[in-house]
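Take 221 as the starting number for the sequence shown in the numbering used here and just add one per residue. From the three backbone atoms N, C-alpha and C, an ideal C-beta is built for every residue, glycine too.
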Amino acid sequence: MPNMNKNKLPAPEQAPDVRITNFEEVTGTYTPEMAKEEAQRCLNCKNRPCVEGCPVNVQIPEFIKLIAEGDDEGAFAKISETNALPAVCGRVCPQESQCEGKCVRGIKGEPVGIGRLERYAADTHRTKGGAAPAVPSSNGHHVAIVGSGPAGLACAGALAQLGYAVTIYEAFHTPGGVLMYGIPEFRLPKSIVGQEVENLTKMGVTINTNSIIGRLFTIEELIGEMGYEAVFIGSGAGLPRFMGIPGEGLVGVYSANEFLTRVNLMKAYKENYDTPIKKSHRVAIIGGGNVAMDAARSAKRLGAEEVYIVYRRSEHELPARAEEVHHAKEEGIIFKFLTSPVEIHGDENGVVRSIECVEMELGEPDASGRRRPKTKEGSNFEIPLDSVIMAIGTTPNPLITATTPGLEANSHGCIVADENGKTTHKAVYAGGDAVTGAATVILAMGAGRQAAQAIDEYIKSKVVVAQ
Ligand code: FAD
Ligand code: SF4
């Protein structure tokens, strides 16, 4: 008999007043008893709408059934057939708009906690020291990957499983991409990302850090004198956008990328690290996505008394995951909806003193289908502050396209690639944020896997022609 409780079983959580004083993970993992109880809410539907909602087609009812039967390792193996980073996805995927958004239990109550169960299976496998990944036998072919975010890691994993010798070139000193430098420790512990990366190196993948492609080597050199038969570009979209309003050059104005990189990758929140970071008292984060929520919640944990999210549309249009918004509210983040900054004011030393904003109202829907915000004339007001963090989006860094003749980019700077990741350059594939612009972990991983398959077909076709 399925468990017909209408509500998803809550996961253990740190209390808001406690968690704003530390960087430890906010949400815990289900216990085995909790996981079984939640798994029994699944109806094992024949038409499997949840699977349709998953960009990498995780066999959801099957893995949940295995958890309900107490076979946690079997559940992990089932998820791993199509998802290379289940411990990451179980924590950061926007399940409410994907698998859980399609779950039939969501019609008359809350959907099955698919994300929590995925995380449970992955965490149980890890803490029990599950079997090391099998080392595939070599097929004698070499592929280079640029970037070690979810797109690059997923592509590397899929190619390594097919026996390719894979070398990743990563610009930073630590692999993992946004999982390492963007998403904070309290949402995604770095030890988990480290473990996923270690699994890849155990499968024979080589990772060269501190290696900026476009400077150290070009793409042409990788597929030329260095002898790689194909290259996958998963270099992300790490170039921050600014609003172009007066005052953005003042001391105390950060891009969210810089702020979060200092906090996460360079551990500015730890006493024994030298990374400088401004300990703000009053700070505004401009934007309403996951990046804005992460910056706001990090600023709070660094000790800011007042943290504002300034967003030009209404709460209904907030692009951040529902869980992040819920957690941010619980932690006392102040939301200023329908508000847009027009100028940042500084003091006589060039340090942020306040932000001047206008009120907005929503007009007709724009090309994205969201109602376009319009300024309410004469509604200007100021918020006194000492820091402003811009989280209004990012674009791909143009370094790679600028140094690779024949590699086309669109007007947003994104690499042009077909649905298999094939670019306009021979033997060069791309995927993830570098192609789509800022998107999600699971979409980047899906693109990495898809490109791995296309690279395999391309290399095999060359071998056939040569014979
Ligand atoms: P990235 O993760 O950006 O990785 C690209 C890598 O390439 C980086 O390590 C970079 O250093 C490296 N690189 C760049 N240029 C070069 C070069 N020239 N040579 C060598 N290496 C290079 N998504 C979700 O699904 N859920 C979330 O909760 C979520 N929260 C987020 C929070 C923040 C703060 C941010 C910034 C993003 C968040 N996202 C979230 C989005 C998600 O992280 C990205 O969509 C995803 O990481 C994209 O993966 P990627 O592999 O394409 O790029
Ligand atoms: Fe289970 Fe929901 Fe998927 Fe049905 S839609 S199989 S109830 S997770």
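- Counting C-beta atoms within 10 angstroms of its own C-beta, Phe479 has 16 or more neighbours from the protein chains shown and is therefore classed as buried.
- Under the 10 Å beta carbon count, Lys498 is surrounded by 16 or more other beta carbons and is classified as buried.
- Only exposed fits Met224, as fewer than 16 other CB atoms lie within 10 angstroms of its CB.
- Annotation: Thr247 to Pro232 spans about 6 Å, alpha carbon to alpha carbon.
- Secondary structure at Glu535: helix, using DSSP grouped into helix, strand and coil.
- Spatial neighbours of Pro618 in its own chain (CB-CB distance under 6 Å, excluding positions within 5 residues in sequence) are listed in chain order as Gly633.
- If the five residues before and after Asn227 are omitted, its C-beta is found closer than 8 Å to the C-beta atoms of Gly329, Glu330, all from its own chain and listed in chain order.
- Distance from Gly626 to Gly454 at the Cβ level is roughly 19 Å; contact not present, criterion being Cβ atoms closer than 8 Å.
- The beta strand (DSSP E) runs of length 3 or more contained entirely in the stretch 414 to 444 are, from start to end of the chain, 426 to 428.
- Residue environment analysis places Met221 among the exposed positions, since fewer than 16 neighbouring C-beta atoms fall within 10 angstroms of its C-beta.
- Under a 10 Å Cβ-count criterion, Gly396 is classified as buried, with 16 or more other Cβ atoms of the shown protein chains found around its own Cβ.
- Per DSSP, the beta bridge partners of Lys594 are Glu581.
- Here the C-alpha atom of His546 lies approximately 44 Å from the C-alpha atom of Thr624.
- Contact annotation: His361 and Tyr384 have beta-carbon atoms nearer than 8 Å.
- Residues of the same chain with a CB within less than 6 Å of the CB of Gln381, apart from the 5 flanking positions on each side, are Pro356 in chain order.
- Taken through DSSP and simplified to helix, strand or coil, Gly668 comes out as helix.
- DSSP places Ser455 outside any alpha helix (DSSP H), giving it a letter other than H or E.
- The beta carbon of Leu538 is closer than 7 Å to those of Gly508, Tyr531, Val545 in its chain, skipping five residues each way along the sequence.
- Each residue's CA atom was taken as its position, placing Val366 and Ile620 some 10 Å apart.
- Take the alpha-carbon of Gly321 and the one of Gly570: they are about 47 Å apart.
- For Lys226, the shortest separation between its Cβ and any heavy atom of ligand 2 does not lie below 7 Å.
- Here the C-alpha atom of Ala664 lies approximately 10 Å from the C-alpha atom of Cys375.
- When C-beta atoms of the stretch 486 to 495 are compared with those of the stretch 637 to 646, fewer than three pairs fall below 8 Å, so the two segments do not count as touching.
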